[in-house]
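Protein chains in written order, with my numbering: chain Z, 405 to 1129; chain Y, 286 to 406.
Cβ atoms here follow ideal geometry from the backbone N, Cα and C, with glycine treated the same way.
In this text the structure is predicted, and so the values were computed from the model without any measurement.
Working notes, structure below.
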Amino acid sequence: MDPMAAIKQTFFQECEEQLVELESGLLKMEDGDDDLETVNAVFRAVHSIKGGAGAFGFDELVEFVHVFETTLDLIRSSRLAATPAVTKTLLRASDILADLVRAAREGGSADATAVQVIADELNALLGGAPRGDEEDNTISVESLDFEPVTISLDSIFDVGEEEAPATQDFIVRFKPSAGLYAKANETLRLLRELGRLGETSVECDIGEIPLLTELDPEGAYLCWTIRLTTSVSEQQVREIFEFVEWDCELSVETADVGKLLEELQESLEPREAPAERAAVAITIAEPAEKSVAVAPEPQSGPATSEDHPAAGKAEAAKGEGSGAVQATIRVDLDRVDRLINLVGELVINQAMLSQRVSEAGLSRASSVVIGLDELEQLTRDIQDSVMAIRAQPVKPVFQRMSRTVREVASMTGKSVRLVMDGEATEVDKTVIERLTDPLTHMIRNAVDHGIEKAEDRVAAGKPEEGLLRLSATHRSGRIVIEVADDGAGINRARVRQIAISKGLIPAEANLTDDEVDNLIFLPGFSTASSVSNISGRGVGMDVVKRAIQALGGRISISSVPGRGSTFSMSLPLTLAVLDGMVVTVGGQTLVIPLTAIIETLQPKKESVHELGSGARVIATRNTFTPLIDVGAVLLYRDEPIDPTSQVALLVESESGAKCALLVDAIQGQRQVVIKSLETNYGHVHGIAAATILGDGRVALILDVDAIVARPRADMIVAELPAAAE
Amino acid sequence: MSKTILTVDDSRTMREMLMLALSEAGFSVVQAEDGVHGLEVLEKETPDVIVTDINMPRMDGFGFIEGVRRHEKHRGVPILVLTTESDGEKKDRARRAGATGWIVKPFSPVKLVDAIRRVAV
C-alpha cells in the first residue's frame, strides 16, 4: 500500500479511538466531573483529530474541529463554564464530528445543515470570548504540502537558473549567551548555515574568555562577526537565527552601515592589543543593535517563567500517577488468525496424543501420563491466550449506543439516561463488529417502546428520567450483554393479541408469561409502533435474534409489568471454537452446533407421519415439524431408515424455521476447533466446516441452515399448527 | 552511520508521518507515545535529535523537555518541538523549558528535515 494511504488509514483508526475518548470524557463532564485532566483529555482528542485532518486536507473537518477545539480551549482555561447545556451541545458536536470523520473516510459529505446548526451553537458559546485566530486555521489548511519535493527542487532551480541576482554584504554580529548552549544550539551550525547562503568570512572575538580558574565550562564568552556576501534578503539571514534570537545578542546590518561602524571604530581608537579592541567593538555594537530593532528577550520572561515550569511539573506528576505505560504493537489480523489456526492444530494434536496414550493402557501415575496432563493444561492456556489477542473491549460499541440513546430520546421527546457497566469486558473482534447492529436496534427499541413518556412515568410514581442500563459480563466462558430499561415492561395482552391476529399462535393457545414475552422474537411479529421510523425500518426483534444466533449466541427477555424489561444476550467469546454435539450418521461422525439444537427426541411410531413423496413430519408440541434424515441428505445411504431406530434432534435455523434431524446416535458434547472446508477443499452443500477429533479423524460440521432450508420448499404445509391432540 | 531521531507524539498518525518523512530522508527513527514514555526510551536509546509534540497525556512536551534537560546523559541533545500554534505562546514556553527549535504543523518533509539539519547534522 502507498505509505500515505496507510497513514491515512491509521488516521481514521485513530479518529475512531479519539471519538470514543471524546465521548467518554464528555459524558464524565456531563455527570459533573470537572477534573482538569478530563477536560484536557477531551481537548487532546479533538486537537489530535484536527492535526491529522489538517495534514490530509479534510477542510470541512478542519473547519468544524477548529471551532470545537476553540470552545474546549475556553472551558479548559475556565473562560467558559461546562454547564449541562454546554456539555449537551458538546456531545452533539461530538456526534457531528463523528459524522464528518465518516464523511471524510468514505469520501462523501456530512449533513451540512446539521453541521452548521452545531457550529452556530458552538460559535454562540464562543460569543464575546476571544476566538482562536482564523488565520491559524487557514494557514494550516493551505500549507499542506506533504509532497513538496518538487517545491524544493523549484527553489533550487530558481536560484540556479535566474540571472545571478545582485549580491550584497551583511555584517552579522552574534554573541551567544549560555542559554543558547543549554538548549543544545551550537554556534558552529549557525555559522555553517550562514555559509550556505553565500561567501563568509568569520572573525571570533575571544576577549571575554576569563582565566582558566574562573572559567565556567558552560558559560558563553565568544563573540562572532561574520561578513556575508549573499543574494538573499536580510529576512532570510535572520531566519538562520530563528531558534536562538532570545539567547544571543544579534545584529544584522548591510555592509554599508557595517563599514561605517568599522570606520567609526577605527577613528575612535588607536590600534591596541586585540583583546582591548574587541571589548570596545562590543560596546559600539550595542546601540547599533537597537537601531535595527533586534529585540532581545522581552523582560516579561522571568515573571511568567515562574509559574509555567511549575505547571508543567504538576501535569507531569499527575501524568505519572495515571497508570502504567500500555505498550502495544499492531499486528496484521491474518498473522493472528494463522497463529490461532496453528494453536488449533496443537490442541488437536495434543488430544490425539492423549487418546493414544490412554489406549495404550499406561498407568495414571506414569510419567508420560502426568506429562501429558501438564501438556494439556499448557495447551489450553496457550489457546486462551491466543484467543485473547483477538479479544477487544466492548467499550467502543457501548459508547456508540450513548449516541443512539440521545438521538432516539430527542426524537421521541423522552428523557433517558444511559448507564454502562463492564465496558472493559473483552470479546472477539468479529463478535464485536457484528454486535453493533443488533445492539443498536435493541437500544432504539428500549427507548422507543420500553421507556414511557415523562408524564406517564410521573403518573406511575417513577422519576421523570428513564434509566437504560447496558452491561457486559463474562459468565461461564461466554459474554453476557444485557439491555435493561425501567419502563413499562412488555404489554402481554397486546403482544398476545397481535400474535393471534397475525396467525402466529392459535387464539386459544395457553401460554405462560415467559412464552408470551418471547413471541416478540417470532418472524412476522411487529408491534404497531415498531413500524415507526425510530426502532422500525421494518426490522423486528426476529432479525435481532437471528443476528445473535448467527454469532452462536442466544437471546432472551424477562419483563416485569410496570418495572421494565431486560434483554439478555449470551455470546461465545470466540468464533474459532464451537460447542458442538458429536453424532453418528451412517457410520460417519458429524458435529452439530449446540446453539442450533432445541431438544433431542426419541421418535415414536405414532408421532411420525408420512406425507407421500417420501417426506415425513413428526408431531411435537402440537405442531408438525419436518423430519429430515441427515444420512439421506448427505448421501450416506439411499434406503429410507426407520425413524424409531434413530434419535431426532429438534433444531432451529437462523431464520427461525424448525426441523427435526434424524441421526443414528449421540456421542456427546465437545468443544471443537473450526477448520474452514472452503480454504482446504471446497464448498459442500449442507456442511459448514470441518474439525479434527481427538482420534485424528476429520468430522464435518453440519450447516443446519442449509439442511433445514433445502426440503422446506415442498414442506411448507407442515408449518401449519396441528390440531390439538 | 545514520543519525537517530526520537519522535515523541501521542498521535499514531503523526508518528507514522514522522517515521515516513524521516526514514525517507535517511534517518533512523525511534518512537515514544508521550513524555513519560519518551524519558523511558532515553534510558536505552541515544538519539541525535528529539522531535516532540506538546499536547500529550501523562507528561506533555514541556515536562518532557525539562526532563531531558535535567538528564545527565541527554541534556545536550537538540529538541525540536512540533506545534500547530503559530501565536508564539507555546513556542515561548517550549523555549523556556529548553527546546532547541520548533517545527510548525502541518509540516512538509522538507521543512522537517531542514529543521533537523539546522540543529544536528
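Residues sharing a beta bridge with Z/HIS878, DSSP: Z/ILE883
Neighbouring residues, chain Z, relative to Y/LYS390 (Cβ below 9 angstroms): GLY455, GLY458, ALA459 and SER544
Under the three-state DSSP convention, the category Z/SER814 falls into: Z/SER814: helix per DSSP, three-state reduction.
Enclosing beta strand (DSSP E) for Z/SER428 [first to last residue]: From DSSP, Z/SER428 is part of no beta strand (DSSP E) but of the alpha helix (DSSP H) over 407-434.
Residue from Z/GLN639, Z/ASN753, Z/CYS627 and Z/LEU839 whose Cα sits closest to the Cα of Z/ASP651: Z/CYS627
Beta-carbon proximity of Z/VAL1077 to Z/VAL995, cut-off 8 angstroms: no
Any 3 or more C-beta pairs closer than 8 angstroms across the stretch 604-620 of chain Z and the stretch 628-645 of chain Z: yes
Spatial neighbours of Z/THR1048 in its chain, beta-carbon cut-off 6 angstroms, leaving aside the 5 residues before and after: PRO1007 and LYS1009
Any chain Z beta carbon closer than 8 angstroms to Y/LEU305: yes
Same chain only: Cβ atoms within 6 angstroms of Z/THR591, ignoring 5 sequence neighbours per side: PRO580
Short-range partners of chain Z found in the stretch 286-297 of chain Y, where Cβ spacing is below 8 angstroms: ASP295, SER296 and ARG297
Presumed contact (8 angstroms Cβ cut-off) between Z/LEU843 and Z/MET805, rounded CB distance: 6 angstroms
Beta carbon proximity, Y/TRP401 to chain Z, threshold 8 angstroms: Going by the sequence as given, residue 401 of chain Y is Ile instead of Trp. So no, Y/ILE401 is outside the interface.
Integer Cβ distance of Z/LEU874 from Z/MET824, believed to fall under 8 angstroms: 5 angstroms
Close Cβ partners of Z/ILE786 (< 8 angstroms) along its chain, the five nearest in sequence each way excluded: Spatial neighbours of Z/ILE786 in its own chain (CB-CB distance under 8 angstroms, excluding positions within 5 residues in sequence) are listed in chain order as VAL747 and LEU750.
beta-carbon Z/SER1057 near the ligand SAH non-hydrogen atom, thresh 7 angstroms: This structure lacks the ligand SAH; in fact it carries no ligand of any kind.
Residues near Z/VAL545 by beta carbon distance below 6 angstroms, same chain, minus five either side: Interpretation of Z/VAL545 is limited by its pLDDT of 34, a score under 50 that renders its predicted location unreliable; no figure is taken from the coordinates.
Buried/exposed call for Z/GLU1050, threshold 16 Cβ in 10 Å: Per the sequence shown, the amino acid found at residue 1050 of chain Z is Gln instead of Glu. Taking all protein chains in view, the Cβ of Z/GLN1050 is crowded by 16 or more other Cβ atoms within 10 Å, so the residue is classified as buried.
Cβ neighbours of Y/ILE401 in the same chain (closer than 6 angstroms, five flanking residues each side left out): VAL334
Z/GLU649 to Y/ALA379 span [Cα, whole Å]: 14 angstroms
For Z/VAL981, three-class secondary structure by DSSP: strand
Proximity of Z/GLY455 and Y/LYS390 at Cβ, strictly below 8 angstroms: yes
Cβ of Y/THR331 within 8 angstroms of any chain Z Cβ: no
Reduced DSSP category for Z/GLY602 - H, G, I as helix; E, B as strand; rest coil: Under the three-state reduction of DSSP output, Z/GLY602 falls in the strand class.
Against chain Z: residues of the stretch 376-387 of chain Y by CB proximity under 9 angstroms: Cβ contacts with chain Z: ASP377, ARG378, ARG380, ARG381, ALA382, GLY383, ALA384, THR385, GLY386 and TRP387.
Cross-chain neighbours of Y/GLU301 in chain Z, by beta carbon under 7 angstroms: ILE411 and THR414
Inter-stretch contact (C-beta, 8 angstroms, three-pair minimum) for the stretch 852-870 of chain Z and the stretch 890-902 of chain Z: yes
C-beta atoms of Y/VAL326 and Y/LEU303 nearer than 8 angstroms: no
Interface flag, Z/GLU622 vs chain Y, CB-CB below 8 angstroms: no
Candidates Z/ALA850, Z/ASP573 and Z/ALA523, of which the one nearest Z/SER962 by Cα: Z/ALA850
Contact set between Y/VAL404 and chain Z, taken where Cβ atoms lie within less than 9 angstroms: ALA588, ASN589, GLU590, ARG593 and PHE647
Any chain Z beta carbon closer than 8 angstroms to Y/GLY311: no
Z/GLY1160 versus Z/ASP1033, Z/THR491 and Z/HIS1013, residue with shortest Cα-Cα distance: This structure leaves residue 1160 of chain Z out entirely; chain Z is present only between 405 and 1129.
Under 8 angstroms between C-beta atoms of Z/THR999 and Z/ARG1025: no
Among Z/ALA863, Z/LYS587 and Z/THR877, the one whose alpha carbon lies nearest that of Z/GLY623: Z/LYS587
For Z/LYS906, three-class secondary structure by DSSP: coil
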